[in-house]
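*Asks:*
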Amino acid sequence: HADEGPHPYTIASAWQGDGKLRLLIKALGDYTRTLPDRLAVGDRLVVEGPYGCFTFAGEGKRQIWISGGIGITPFVARMQARTQDEAHAGAGAGAGAAAPVDLFYSTSAPDEGFIARLRELAAQARVKLHVLVSQRDGRLDADGICRSVPDWKQAGVWFCGPAGFGAMLRDTLAARGLPAERFHQELFEMR
2 HADEGPHPYT IASAWQGDGK LRLLIKALGD YTRTLPDRLA VGDRLVVEGP YGCFTFAGEG
62 KRQIWISGGI GITPFVARMQ ARTQDEAHAG AGAGAGAAAP VDLFYSTSAP DEGFIARLRE
122 LAAQARVKLH VLVSQRDGRL DADGICRSVP DWKQAGVWFC GPAGFGAMLR DTLAARGLPA
182 ERFHQELFEM R
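To get this note's numbering, take the position in the sequence shown, counting from 1, and add 1.
1) Given that a residue counts as buried once 16 or more other Cβ atoms are within 10 Å of its Cβ, and exposed if not, what is L170?
2) Roughly how many angstroms separate the alpha carbons of L179 and I116, rounded to a whole number?
3) Give every residue of the same chain whose Cβ lies closer than 7 Å to the Cβ of D152, excluding the five residues on either side of it in the sequence, and list them in chain order.
4) If contact is defined by three or more beta carbon pairs under 8 Å, each pair taking one atom from either stretch, is the region 33 to 48 in contact with the region 127 to 136?
5) Report, in whole angstroms, the separation of the C-beta atoms of V102 and A13, which I expect to be a contact under 8 Å.
6) With which residues is W66 paired in a DSSP beta bridge?
7) For V77, which of helix, strand or coil comes out of DSSP?
8) Given K27, which residues of its chain have a CB within under 6 Å of its CB, disregarding the five upstream and five downstream residues?
9) By DSSP's criteria, H131 is part of a beta bridge. Which residues make up the other side?
10) Could you spell out the range, first to last residue, of the alpha helix (DSSP H) harbouring F184?
11) Might you give, ordered along the chain, the residues of its own chain that have their beta carbon closer than 6 Å to the beta carbon of D142, omitting 5 neighbours on each side?
12) How big is the Cα-Cα spacing for L22 and D112?
13) Note the first and the last residue of the continuous alpha helix (DSSP H) segment covering G6.
14) Quick one: what's got a C-beta closer than 6 Å to I67's C-beta in the same chain, skipping five residues either side?
15) Can you tell me where the alpha helix (DSSP H) with E121 in it begins and where it stops?
16) Near K154, which residues of its chain fall below 7 Å by C-beta distance, leaving aside the five closest residues on each side in sequence?
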């Protein structure tokens, strides 16, 4: 909307070749809260980007994905892509030997329907899902990640969520021996 200006959002769908793009948007401010009333199916939108290097490429023997709340969006898209890769692998076209993945989804506002769909997608993509509800399980931290993934030092770590949470994990894992170039963080705050 011209009266608002550009907003950064994360793509939450794998490319299907059909020109469709899915975004998951959390109502965090005045503008995003009004989107359900301002947008309708068939509206024309201007999309610019994508930007960044959150590509899931790396040399690690495994991957650890960590999301805080709405930071789950790039992982949903990547799981969809892994599922497509697996489907095409039989035809010789995919990455059937994809690295093992542990996905930590930390949320303070659990939506059981969404979590059920996330579990289903993770199973299809061969991703081990760890759901942590902060009120029930406490806060996710480096100790919990290291306990859950014993060979974490061999992993590439991909984080999307609140910047302070990411910085804490990055610093703690680096102090424990994770090479800095193996920690990848979505730049969640562009505005």
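Even for Gly, the Cβ is constructed at its ideal location relative to N, Cα and C. Computed from a predicted structure; not experimentally measured.
*Replies:* So, from the data block:
1) Its Cβ being crowded by 16 or more others within 10 Å, L170 is buried.
2) For L179 and I116, the distance between alpha carbons rounds to 29 Å.
3) Once the five neighbours on either side are set aside, the close Cβ partners of D152 are R63.
4) Short answer: they don't touch.
5) The beta-carbon distance between V102 and A13, rounded to whole angstroms, is 17 Å. This is too long to meet the 8 Å contact definition.
6) As DSSP reads the structure, W66 sits in a beta bridge with L104, W159.
7) Note: V77 maps to helix in three-state DSSP.
8) Here the set comprises I71.
9) Residue pairing of H131 in beta bridges, as defined by DSSP: F105.
10) For F184, no alpha helix (DSSP H) run applies; the uninterrupted beta strand (DSSP E) run containing it begins and ends at 184 to 186, by DSSP.
11) So the list is empty, once near-sequence residues are dropped.
12) Spanning the two alpha carbons is a distance of roughly 23 Å.
13) No alpha helix (DSSP H) contains G6, which DSSP labels as neither H nor E.
14) Excluding sequence positions up to five before and after I67, its CB lies within less than 6 Å of the CB of F105, F160, all in the same chain and listed in chain order.
15) Start and end: 113 to 126.
16) If we look at K154 and ignore the five residues flanking it on each side, its Cβ neighbours are G178, L179.
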